[in-house]
Each structure stands twice: as C-alpha cells, then as structure tokens.
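Residue numbers (full-length UniProt numbering): 1 to 617.
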C-alpha cells in the first residue's frame, strides 16, 4: 500500500470510529448518525472499526455492536438503508467475535425474532439468517456447546414456518453417512476368552475391575455372547440406516434371520430387576432430569453383556424396529415402484410388531406407559406422512371473511364482552310458549309440545343451569324422560314469573271450582296471604338478609341435615346457600309454600324484622 493510501485509510478509520462512538451513546444522536452514515460511510466500515477496537484496544463491548444493529433496524424502518443491512452486520459481527460473545449477540437475535418475521425484514433476511446460523453451527462443538447448538435449532424452528421447503426432507432421503462401526474380523474378536480365570489366586483386583462392582448394579448377562451374535446384532443397524435394502430379496432374508435371533435373545433374557431400574430412575431425577445419551452406539465387544442388561438400550433397539416397519408399510410419495412387500413379509411384520410391543411392556420401569406412548406417537406420525405426501401444504389458511371479523374492533376481547354480544334469552321469553302449552285449556297434545323437542330440551337445560336455581336443587322425584322433567320445571317457573299472560294451569283433575289445584293464577284482585305464593324476587331479598344465619331458619322449615350438607357443598356463598334453602322448601311444599307459611317460620326462628318486610311486599 502506498503512503497516500495508508494515510487515507487511517483517516477514514478514525472518522468511522468517531461515528461508532457517536452511535453507542444512545438514540439521542441517532438521526444525526443515520444522516452521516447514509451520506458518507458504510455500515460495514463501522463494524470493522468496532471489531478493530475490540482486538487492539479491548474497548468495544457487545453493547456497542448491539447499538449499531438497533440503529440499522431504525434505518430500515425510516427507509434510509436496505432491508439486508442488519443481517449483513450481524454476519460480520459474529464472524469477528469469539464464541462467548457470540452467545450474547445471538441472545439479541432470539429476542427479536418477531422483528425478523415482520414484512419489512423476513423476505430480505431469511437466507442471511439461515447462512449465519449454519456458520455458527460449523464453529460450535456438538459435544461442548450442546445448549448453544440447540438454541440455534429452536430459533430456526421459530423463524421459519412449518411448511418452509428448505427445512423439509421432501424426497424422504436417508442419512447414509450414519454408519455404525464395529469389529467385522472374527480373528480379532475377544468374545469367548476368559481372562479373569487366568489370573492367579493371589493377584489383587484393581479398582474399576469386575471385583469392584457396586451393590444394585445390573448383573452381567447370563446368556453366552459369541461373535456371531455380536456381528448379527450390529449388522441390523445397517438396515435401520437404509431401510430401502429391505425390499431386496437376499437382504430381506438376512434381515429376517438376524432379527429373529436378536428378538429371541430379548425374549429369553428379561429384565426383572425392578429395584435397580427404579434406583436408576431416581438417580436421573435427582440429577435434575438431565438424561445422558450418546449420539452413536458404543460397539465394543466388552460392553455387549452390559448393553443387553440396560433398559434404555433395549428400548432404543426395539423402537428402531417400529420406525422401520412404519416406513416399509407406509405410503411414501418418493418410493420406487419396485418397493413392494409381499404377503409373507407383511404377515411377518405384523407378528413382529406385536412381539416388539410386548417386549417394550416388559422392560422396567413403566413399560406399559412407555409402550402406549410410543404407539400414540407413531400413530400421530401417520398424519405427518400424509402431509408430506401432499407436498407439505401451508397450514395458514387465508380467509377474507375471517380477516374482516378480526378487524371489526381493535380490541377483540372487549368486543366479545360487549352487552350487544349477550344472546342468552331470559326465562320469561324462552319458556313462555311451553307455559302456554302446559295449560289444558289450550288443548295441546303432548307430542306437539315444545318440551318434547330434543333441540329445545338441550337449550332449555343450558338456560336453566345459567339462570334458574331449581336446576341445581336435589329432589327425590324421578323422571322417566327429559320432557317430564321440563314439564315439572315449567310448572315451577309459572309460579315465579309474574310477567307472563294470565293463564290457569291445572295439575290434577278438577272436582269442583273451589278445590281446584291451581298452578298459575293472576287476576286484578290481590291474593290473600293464605294463598299468595312466595315469588323468586322475595326469596332473593330474604336470602340477602338472612346471610350466614340461614341455618337457623332451616330448622323451622324442617329441612333435613343431609339437605343442609348438600346446600353447603353446592355453593360457598352464604347468600346463595340461603336462596337454595328457600328453593328446597318451595320444591317440597309446592302450592303450600305461601307467604303466610314463610312469615310464621321467620317469626319462630327469631327474624321478626324480615317477616315484617315480607308482609309489606
């Protein structure tokens, strides 16, 4: 670089650093900084300047970079810079920072996922974010930075929709690079050798050898394990890795033979040590619930007997069988036309599936629960298979009508609570027709009454449960049908609803006019106290005044102790308990539940003031 070029570079760098310092002092100078950047300098030059400060003078902090990103987002919103600017800066910042500071920058990326998904940024930045996350994953260790890698995967799942093509294995390809390595040379095998018996009697057993086993540890496998079992067992992993070869004739024969021998071992050697399994489960729980697992199987010959004694290992192998069978039997769009199973293969898989589920149920701990859960998950997986076969259509359904409804009010919850949204009818309006039909004078046959309509009955029960205390009042009366129950409720409501038209409803045969049993009688003359029934409004007023003293009146009304306990169970509100007491008394007395009877009971219970108020009303 020439002397003039070096001087120009340094002067630009100093000016850029000054702008970076201006940026990190907050948003007071944001508009001025945006104007300078848009007129003279590039965003990425400021990023380079801050990274240079970090490396040389250790002055720049993560907050400095975040201030720059926030400013670039404001610049996109104001239309000063392109929508890709924040993503370019994020990529440059993560490239020049160490991993511990990348963690802090990525936390900012996670917190602003709603910003990246907005219309202004998503289309322009989704590819940049995907590339940035992939670059980070390449720098991270899957064993040392497991949590960070998981956060990146979760962020991508939140950012992209479920139907995003870049995240779907549309052609159902398998990871053929996942090869399980094991000893394929029988000459090098150590199985069958007995090194422990060759030790001399006086030889000490070192710490960590078989003599130092802890109590409660699983016992070694009692089945003799030879090299053939070892080789066949681990060869099955190649079929789980690439299920397509099961459609080949000779490969299927090999798979069938090896599977039968492996499952026979599982079936003959059962895990019965429930205490050891429960102890292991408790250890995992006390450790904070963190389950330790390995991404690859450990295929050492020395571990074979311990693996066969491990419940989690067995579950892994058996679950692989179920996943494989689901693929072989399922309808996959990109399967070759030659991938067809014959009847014998289908029959073997059905029988083996039952065997696998039975073996899963026998594995402690909680084998039944685990097998049920696996079956449920695999059944759900069928829905995802169908979705992929249909080309992974989007789950988002655009509807102009729904959009219009959602935009009727700026606050939808407030709109739903508006009084205009109250569609529940009153008892008077809903039961008016039923009360008129209940009057024998109208000569309405039972089959034409509305109480015999199932739809009407369902709506009536819902309304009674919301507006009438009679619905929750226990009664000894038995009803043969819903219509009979509603007819009895109609008679009770007819006594309480004074606004209905003047009608007379008879409940029995009429011997003479003086002795007729009247259920509803209204006239211009006020009835006497001896015949005037207690109204619903009067019961509300009495209940409010009785309050917690309602049990004193219960004795005078001859309410049984069992009914009192039921009232206390039905409601914790003392006013409602008093109301339920009066309703129970009214249901029992029927037409004898008059004002006079209640006044006598109130005076006897020591409530003369309430009795006087009842007389006045």
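Just so you know, even glycine gets a beta-carbon here, dropped at the ideal spot from N, CA and C. This one's a predicted model, so the numbers in the text were calculated from it and none came from an experiment.
For residue i: DSSP bridge partner residues
{"i": "residue 533", "result": "594"}
For residue j and residue i, the rounded distance between their alpha carbons
{"i": "residue 218", "j": "residue 271", "result": "Any reading at residue 218 must be qualified, since the residue scores a pLDDT of 46, below 50, and its modelled position is unreliable; no value is offered."}
{"i": "residue 352", "j": "residue 183", "result": "28 Å"}
{"i": "residue 565", "j": "residue 449", "result": "37 Å"}
{"i": "residue 152", "j": "residue 80", "result": "30 Å"}
{"i": "residue 131", "j": "residue 367", "result": "43 Å"}
{"i": "residue 413", "j": "residue 420", "result": "13 Å"}
{"i": "residue 69", "j": "residue 297", "result": "44 Å"}
{"i": "residue 244", "j": "residue 355", "result": "23 Å"}
{"i": "residue 541", "j": "residue 614", "result": "9 Å"}
{"i": "residue 457", "j": "residue 380", "result": "38 Å"}
{"i": "residue 587", "j": "residue 598", "result": "13 Å"}
{"i": "residue 142", "j": "residue 73", "result": "32 Å"}
{"i": "residue 435", "j": "residue 589", "result": "21 Å"}
{"i": "residue 110", "j": "residue 387", "result": "29 Å"}
{"i": "residue 592", "j": "residue 600", "result": "13 Å"}
{"i": "residue 536", "j": "residue 571", "result": "18 Å"}
{"i": "residue 605", "j": "residue 459", "result": "40 Å"}
{"i": "residue 122", "j": "residue 417", "result": "35 Å"}
{"i": "residue 58", "j": "residue 93", "result": "Residue confidence is low: residue 58 scores 47 on pLDDT, short of 50, so the model does not pin down where it sits. No coordinate-derived value is stated."}
{"i": "residue 385", "j": "residue 328", "result": "12 Å"}
{"i": "residue 176", "j": "residue 125", "result": "32 Å"}
{"i": "residue 144", "j": "residue 106", "result": "17 Å"}
From the options, residue whose alpha carbon lies closest to that of residue i
{"i": "residue 427", "options": "263, 468, 457 and 134", "result": "468"}
{"i": "residue 632", "options": "575, 542 and 533", "result": "Residue 632 falls outside the range modelled here, since the chain spans only 1 to 617, and no answer is possible."}
{"i": "residue 538", "options": "562, 553 and 594", "result": "594"}
{"i": "residue 227", "options": "433, 615, 302 and 89", "result": "302"}
{"i": "residue 179", "options": "169, 123, 157 and 241", "result": "241"}
{"i": "residue 191", "options": "379, 174 and 231", "result": "231"}
{"i": "residue 425", "options": "398, 438, 414 and 465", "result": "465"}
{"i": "residue 133", "options": "161, 123, 120 and 102", "result": "102"}
{"i": "residue 552", "options": "597, 350, 305 and 602", "result": "602"}
{"i": "residue 128", "options": "116, 138 and 139", "result": "116"}
{"i": "residue 438", "options": "461, 329, 266 and 495", "result": "495"}
{"i": "residue 582", "options": "600, 604 and 557", "result": "557"}
{"i": "residue 339", "options": "262, 249, 259 and 386", "result": "249"}
{"i": "residue 300", "options": "158, 185 and 177", "result": "185"}
{"i": "residue 484", "options": "463, 470, 446 and 455", "result": "446"}
{"i": "residue 89", "options": "100, 399 and 64", "result": "64"}
{"i": "residue 611", "options": "534, 164, 336 and 358", "result": "534"}
Endpoints, alpha helix (DSSP H) assigned at residue i
{"i": "residue 405", "result": "400-406"}
{"i": "residue 314", "result": "311-329"}
{"i": "residue 65", "result": "62-78"}
{"i": "residue 477", "result": "Per DSSP, residue 477 belongs to no alpha helix (DSSP H) and is neither H nor E."}
{"i": "residue 421", "result": "Premise fails: residue 421 is in no alpha helix (DSSP H) and is neither H nor E."}
{"i": "residue 345", "result": "343-362"}
{"i": "residue 456", "result": "454-467"}
{"i": "residue 339", "result": "No alpha helix (DSSP H) contains residue 339, which DSSP labels as neither H nor E."}
{"i": "residue 575", "result": "574-589"}
{"i": "residue 122", "result": "122-139"}
{"i": "residue 386", "result": "367-389"}
{"i": "residue 488", "result": "482-496"}
{"i": "residue 304", "result": "304-308"}
{"i": "residue 155", "result": "146-159"}
{"i": "residue 411", "result": "Where residue 411 is concerned, there is no enclosing alpha helix (DSSP H), given that its DSSP letter is neither H nor E."}
CB of residue i within 8 Å of CB of residue j, strictly
{"i": "residue 486", "j": "residue 451", "result": "yes"}
{"i": "residue 315", "j": "residue 370", "result": "yes"}
{"i": "residue 543", "j": "residue 563", "result": "no"}
{"i": "residue 120", "j": "residue 77", "result": "yes"}
{"i": "residue 389", "j": "residue 326", "result": "no"}
{"i": "residue 256", "j": "residue 406", "result": "no"}
{"i": "residue 374", "j": "residue 324", "result": "no"}
{"i": "residue 225", "j": "residue 304", "result": "yes"}
{"i": "residue 236", "j": "residue 259", "result": "yes"}
{"i": "residue 174", "j": "residue 167", "result": "no"}
{"i": "residue 104", "j": "residue 62", "result": "yes"}
{"i": "residue 162", "j": "residue 149", "result": "no"}
{"i": "residue 172", "j": "residue 334", "result": "yes"}
{"i": "residue 87", "j": "residue 113", "result": "no"}
{"i": "residue 431", "j": "residue 377", "result": "no"}
{"i": "residue 322", "j": "residue 265", "result": "no"}
{"i": "residue 364", "j": "residue 311", "result": "yes"}
C-beta neighbour in chain B for residue i, strict 8 Å
{"i": "residue 68", "result": "Of the protein chains in this structure there is only one, and it is not chain B."}
Cβ-heavy atom distance, residue i to the ligand NAP, below 7 Å
{"i": "residue 130", "result": "With respect to the ligand NAP, the structure offers nothing, as it holds no ligand at all."}
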